[in-house]
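First comes the structure, then the notes that go with it.
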Amino acid sequence: MTDAWTDRKRRSNMNVCVNCKEGTTLLSSKESSNEAQTTEYIYEFVLSAIKQVKAKTVVQVVTDNAANNMAAAKLLKYTMPHVFWTSCATHTINLMLESIGKLPKFKNSLPWAKLSQSSCTHITRHCH
């Protein structure tokens, strides 16, 4: 599984986690503020992680739906056709809900739902 994010100091980080029957663990983390996260850059990062854990043991790579990730998936398919590259289900659902929230029928409901979620989160955190 890969994840890329930017911290409060605007530093960009890329992570690779490995999931197996024993659980999930962080395999690699790379501070990448000085690098453009291009298709090739992501492909090389993922490929090096796959080689680190032995390519024959890898069956799937999971990332978000960013265009550079999906293009890297196509490159990996040529190199390692036995590895499936899939989009993160959570990210996909989040994108779908954002699109639904923009529809006129639901536009006014979304701020109320966010407020309700925020209130529930606040109550839950302070009641335990």
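So for the sequence shown, the working numbering puts the first residue at 4; every next one is plus one. In this text, a Cβ means the ideal position worked out from N, Cα and C, and glycines have one as well.
- Between the C-alpha atoms of CYS20 and HIS85 there is a straight-line separation of about 19 angstroms.
- Excluding residues up to 5 positions away in sequence, VAL86, PHE87, TRP88 and THR89 lie with their Cβ nearer than 8 angstroms to the Cβ of GLN63 in the same chain.
- Taking a C-beta distance under 9 angstroms as the contact criterion, VAL49 and ALA75 qualify as a contact pair.
- Here the alpha carbon of LEU30 sits roughly 10 angstroms from the alpha carbon of THR5.
- By the C-beta density criterion, ASN97 is exposed, having fewer than 16 other C-beta atoms within 10 angstroms.
- At a Cβ-Cβ threshold of 9 angstroms, ALA7 and ASN22 do not count as neighbours.
- Annotated three-state conformation of ALA7 is strand, per DSSP.
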